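Everything on this sheet refers to the single structure shown next.
Next up, the structure:
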């Protein structure tokens, strides 16, 4: 073999160049521990861990120190107590079937009761853990997309928001669970592997089992984003995720339809969805912009900045738009629906907060990649200062939430008194519902018109024998021989004499 000829051929530039190019293309990048987005794989995990720890310090302490809030918290706590007594598939409240909400929160609260005992703290543990998970997920997604500064800014925005701490993290409500599962589904939705899509679909199914139709927020936002960007693959992923979610939730809904039929459909879909869309459930409405005001007042000034950054990012290059669009669209869907409904409750736009926190932080984090180092430093400093300013209000926001819960201390004390005084009564009469007294008093409450209730109390052969009546009616009943058992505000608990 002619070695000199071989070396000459190999060293020829014209012959060697294609092989050099081919080898460079095939060469694997060195293992530096960095993700494809240019951030070390540990950065999202560290951001999530830091955020979750801070969230736990703000959400978990004193869960059982304050009473349950009169209405949703008290109702859900009582329904969960019924799960321990009746099993997981028949939900009851106040002695009657409860078809208003899906079961997942009640199952989780029942497990918490079993492990920790029946208490305010046990009732709030599932939603509190979901709130902490939401904060951690916000940090993980933002850091994965845009680096550590963005990853720490997103949870700071949430933890400085009174609305999120109250309804999205601390109190025993369905909102915390549906938001956490929706965040998880969106975080997994950009994966190409089938098991990740199945996981995202499973999260959608759990979101549906947490708060019904709202659980479809993730696939809806993904599909709209796919339509807007003309991304057929994203639309297909959205359909797969949504289909898997419906399959996961289907067995429970089928069981309810089979066992309760039209009554379940009328309550779960008619009263809880259609009626709220068409008319105010409390008899009074609010202007269309009320959800925007609640988002601003309950979230903070960062909401507007995050929204502006996310919109600007969506108008930018394709990669930045793909990173922020699903989260921004999810927030917009929540806002449009909450503004369009005739029933407008303060927490309806809550789910938009974490979506805006993530999309705004990613958008601002993308802007940090400016070529000019001075601009990048200024943007990074601005984002950090706004996040720190928002986080500095977290302590005050927490105190506001606790102060609102302490207002119901009278219900807890009075309910304990009711439980000790009228434990033998089959039910208590009243002119309106009192969920806290149902939970703390341990007795069902049946509602009557005031005049009918007065008549029943004076009839020695009728029920109820005990009633919680307005003070003006109590005066006449006491004059007729009834016995006063206690007072709460302008309401009096009376018992028929001799019963």
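In the working numbering, the protein residues as written are 2 to 500. Using N, Cα and C, we set each Cβ at its ideal position, and we do this for glycine too. All values derive from a computational prediction rather than experimental measurement.
Taking only three categories from DSSP, how would you classify residue i?
i	result
residue 481	coil
residue 446	strand
residue 98	strand
residue 234	helix
residue 355	helix
residue 400	helix
residue 69	coil
residue 423	coil
residue 469	strand
residue 487	strand
residue 434	coil
residue 408	coil
Am I right that residue i and residue j are in contact with their C-beta atoms under 8 Å? What's the rounded C-beta distance?
i	j	result
residue 161	residue 378	Actually they do not touch by this definition, with Cβ atoms about 24 Å apart.
residue 356	residue 332	4 Å
residue 123	residue 85	About 11 Å separates the two Cβ atoms, so there is no contact after all.
residue 444	residue 426	6 Å
residue 210	residue 253	6 Å
residue 109	residue 89	That belief does not hold up - the Cβ atoms of residue 109 and residue 89 are roughly 11 Å apart, past 8 Å.
residue 383	residue 310	Contact doesn't hold; Cβ gap of about 11 Å is too wide.
residue 451	residue 432	5 Å
Leaving out five residues before and five after residue i in sequence, what residues of the same chain have Cβ atoms less than 8 Å from its Cβ?
i	result
residue 387	154, 303, 306
residue 115	85
residue 424	443, 444
residue 100	92, 257, 261, 264, 265, 268, 269
residue 1	It is not possible to answer for residue 1, since the shown part of the chain is limited to 2 through 500.
Please list the terminal residues of the continuous beta strand (DSSP E) segment that includes residue i.
i	result
residue 429	429-431
residue 494	492-496
Which same chain residues, not among the five before or five after residue i, have their C-beta less than 6 Å away from its C-beta?
i	result
residue 463	457
residue 224	236, 239
residue 492	469
residue 401	163
residue 248	none
residue 482	498
residue 273	101
residue 324	146, 363
residue 69	75, 78, 121
Distance, Cα to Cα, residue i vs residue j?
i	j	result
residue 83	residue 229	46 Å
residue 145	residue 219	19 Å
residue 23	residue 243	For residue 23, the predicted structure reports a pLDDT of 39, less than 50, and the residue's modelled location is therefore unreliable. A value from the coordinates is still provided. For residue 23 and residue 243, the distance between alpha carbons rounds to 42 Å.
residue 358	residue 213	24 Å
residue 98	residue 440	16 Å
residue 257	residue 380	53 Å
residue 30	residue 42	Confidence at residue 30 is low in this model, with a pLDDT of 42, below 50, so its placement is unreliable and the value that follows should be read with caution. Approximately 15 Å between the Cα atoms of the pair.
residue 282	residue 47	44 Å
residue 488	residue 410	14 Å
residue 366	residue 148	7 Å
residue 490	residue 66	22 Å
residue 137	residue 50	7 Å
residue 207	residue 141	21 Å
residue 339	residue 179	16 Å
residue 221	residue 181	16 Å
residue 233	residue 226	10 Å
residue 118	residue 172	17 Å
residue 301	residue 438	34 Å
residue 316	residue 167	34 Å
residue 480	residue 453	17 Å
residue 334	residue 197	24 Å
residue 494	residue 64	29 Å
residue 430	residue 446	6 Å
residue 1	residue 287	No statement about residue 1 is possible, as the shown extent of the chain runs from 2 to 500 and does not include it.
Would you kindly report the start and end of the unbroken alpha helix (DSSP H) that includes residue i?
i	result
residue 182	175-189
residue 322	319-341
residue 350	Careful: residue 350 lies outside any alpha helix (DSSP H) and carries neither H nor E.
residue 578	A question about residue 578 goes unanswered here, because the residues of the chain that appear run from 2 up to 500.
residue 215	Per DSSP, residue 215 belongs to no alpha helix (DSSP H) and is neither H nor E.
residue 108	105-117
residue 133	121-147
residue 51	43-60
residue 162	Counting along the chain, residue 162 falls outside any alpha helix (DSSP H), and DSSP gives it neither H nor E.
residue 262	Where residue 262 is concerned, there is no enclosing alpha helix (DSSP H), given that its DSSP letter is neither H nor E.
residue 298	291-300
residue 453	451-459
residue 286	Note, residue 286: premise wrong, no alpha helix (DSSP H); not H, not E.
residue 277	276-279
Return the chain-ordered list of same chain residues with a C-beta closer than 7 Å to the C-beta of residue i, the five sequence neighbours on each side being excluded.
i	result
residue 61	129
residue 466	426, 496, 497, 500
residue 420	441, 442, 443
residue 131	177, 178, 181
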